[in-house]
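J.: The structure under discussion is supplied below as structure tokens; questions concerning it will follow.
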Amino acid sequence: MTTFLISLALTVLCLGAVVITGRAGKRGAHYALVMAALTSLCWAIYEARIVGEGLVFEGAASSVRTVHFVAVAVVFLSLPLLALSGVRLHRVESEARRSLHRKLALTFLVAVIATCVLGTAMTLMATPLEPLHG
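Numbering (the numbering used here), first residue to last: 5 to 138.
Encoded structure:
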């Protein structure tokens with residue numbers, strides 16, 4: 005659980021830094037932090053799956069888990085669009101492209117936050133898996 009919390013905290017810090025450097029127009033740092041955020045997000049997902057293997061999701065936890073998976077889908081569907089809008093903005097700067105990139109970034113961030121909140125809720129509602137005896 006500790007490594008999951010570390011990976012999640014690192015992801016949140018990296019995403020915050022991505023927003024700050026993007027808003028400031030510091031492209032080199034922004035691109036490096038995007039890669040760091042994606043790497044830490046992959047690590048957090050890996051760790052979350054390990055934590056989830058020791059839990060039983062029934063009742064409300066199961067319902068929240070379903071909504072969590074929808075939020076995860078939004079994250080993964082918005083990511084390529086966000087990346088493409090960033091590449092397009094890098095090639096030709098325009099206010100329309102910048103506006104689209106900001107909207108997609110906001111969609112991605114809201115989906116990531118929703119995923120974190122829902123993941124926390126479903127984990128707290130789940131029951132630990134009974135160890136096998138025998």
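Glycine included, every Cβ here is placed at the ideal spot set by N, Cα and C.
Buried or exposed: Thr70, going by 16 or more other Cβ atoms within 10 Å of its Cβ?
T.: Exposed, by the Cβ-count rule.
J.: Figure out for me which residue from Leu88, Ile54, Ser44 and His72 has the closest Cα to the Cα of Arg106.
T.: Ranking the options by Cα distance to Arg106, first place goes to Leu88.
J.: Would Phe61 and Ala130 be called neighbours here (beta carbons separated by less than 7 angstroms)?
T.: It is a contact, given that the beta carbons lie within the stated cut-off.
J.: Using only the alpha-carbon positions, how far apart do Leu86 and Gly32 sit?
T.: Cα-Cα distance, rounded: 17 angstroms.
J.: How long is the line joining the alpha carbons of Cys46 and Glu97, rounded to whole angstroms?
T.: About 30 angstroms.
J.: Hey, how far is the Cα of Thr43 from the Cα of Cys120?
T.: The alpha-carbon atoms of Thr43 and Cys120 are separated by roughly 16 angstroms.
J.: Are the region 11-31 and the region 113-128 touching, with three or more C-beta to C-beta distances below 8 angstroms?
T.: Verdict: yes, contact present.
J.: Nearest-angstrom Cα distance between Val23 and Pro135?
T.: Those two C-alpha atoms are separated by around 43 angstroms.
J.: Compute the Euclidean distance between the alpha carbons of Ser82 and Phe112, then round it to the nearest angstrom.
T.: Answer to the nearest angstrom: the Cα atoms are 6 angstroms apart.
J.: Out of Val76, Arg102, Val91 and Leu104, state which residue places its alpha-carbon closest to the alpha-carbon of Ala48.
T.: Among Val76, Arg102, Val91 and Leu104, the Cα nearest to that of Ala48 is on Val76.
J.: Would you report the Cα separation of Ala115 and Val78, rounded to the nearest angstrom?
T.: When rounded, the distance between both Cα atoms is 6 angstroms.
J.: For the alpha helix (DSSP H) that Val76 lies in, which residues bound it at each end?
T.: Residues Ala64 to Arg95.
J.: With DSSP as the reference, label Leu168 as helix, strand or coil.
T.: Residue 168 falls outside the range modelled here, since the chain spans only 5 to 138, and no answer is possible.
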